[in-house]
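*Asks:* One structure, as structure tokens, below. Some questions next.
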């Protein structure tokens, strides 16, 4: 990576101090702390009011002007372009790693749903590893609340045993009366 560009000599610069504007309070608006540099040979003008301090703004303006001159003279080989390429490469690598991670998680999820553990329900078939099937009829789905929804559970291994939770709760309610 190339070193940071050196600012041009003061003989090539025209420096002026301006009153700042924007956030920063009354001090920014009343004092001439903003710095404007003009590079005489190229005509590039840079203004800096990054801080409320004139000295810090002078330093910042010189750094920005040096960077702009480096971009002008070196083009694609300038430090800012090289740093930009490195940052883009890192971001692309991070994005690729993230895509790989989530693709692997999806594959594991698909594999796990194809082979569910005991007690877990398979998303595709509605049958869990113990052989119980849960079904929800369209009429039940219209009821809206969970306590009113009737879920029918049947044992798929032995079709003779069937439990209908909605009818059993109705029979319990009717027997209490």
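Residue numbers (our numbering): 132 to 308.
Note that beta-carbon positions come from the ideal geometry of N, C-alpha and C, so glycine has one too.
1. Taking DSSP as the reference, what is the three-state secondary structure of residue 219?
2. Kindly indicate which three-state DSSP category residue 211 falls into: helix, strand or coil?
3. Can we say the stretch 233-240 touches the stretch 164-181, given the rule of at least three CB pairs closer than 8 Å?
4. Rounding to the nearest angstrom, what Cα-Cα distance links residue 210 and residue 154 in this structure?
5. Can you grab the Cα-Cα spacing for the pair residue 147 / residue 197, in whole Å?
6. Going by DSSP, which residues form a beta bridge with residue 165?
7. So, at 7 Å on beta carbons, what are the nonlocal neighbours of residue 185 in its own chain, with the 5 sequence-adjacent residues on each side left out?
8. Could you tell me the distance, in whole angstroms, from the CA atom of residue 188 to the CA atom of residue 156?
9. Start and end of the alpha helix (DSSP H) containing residue 190?
10. For residue 225, is the classification buried or exposed, using 16 other Cβ atoms within 10 angstroms of its Cβ as the cut-off for buried?
11. Give me the DSSP bridge partner(s) of residue 317.
12. Looking at the secondary structure, which residues open and close the beta strand (DSSP E) in which residue 179 lies?
13. Name the one or two DSSP bridge partners that residue 144 has.
*Replies:* Per the coordinate set shown:
1. Three-state result, residue 219: helix.
2. DSSP places residue 211 in the helix class (H, G or I) of the three-state scheme.
3. Result no; under three Cβ-Cβ pairs closer than 8 Å.
4. Straight-line Cα distance between these residues: approximately 31 Å.
5. Spanning the two alpha carbons is a distance of roughly 17 Å.
6. For residue 165, which the question treats as bridged, DSSP gives the partners 149.
7. Cβ neighbours of residue 185 beyond the five flanking positions: 148, 164, 166.
8. One C-alpha to the other measures close to 17 Å.
9. Going by DSSP, residue 190 is part of the alpha helix (DSSP H) stretching over 185-205.
10. With fewer than 16 other Cβ atoms inside 10 Å of its own Cβ, residue 225 counts as exposed.
11. Because the chain is modelled from 132 through 308, residue 317 falls outside the range shown and cannot be assessed.
12. Per DSSP, residue 179 belongs to the beta strand (DSSP E) from 176-179.
13. In DSSP, residue 144 forms a bridge with 170.
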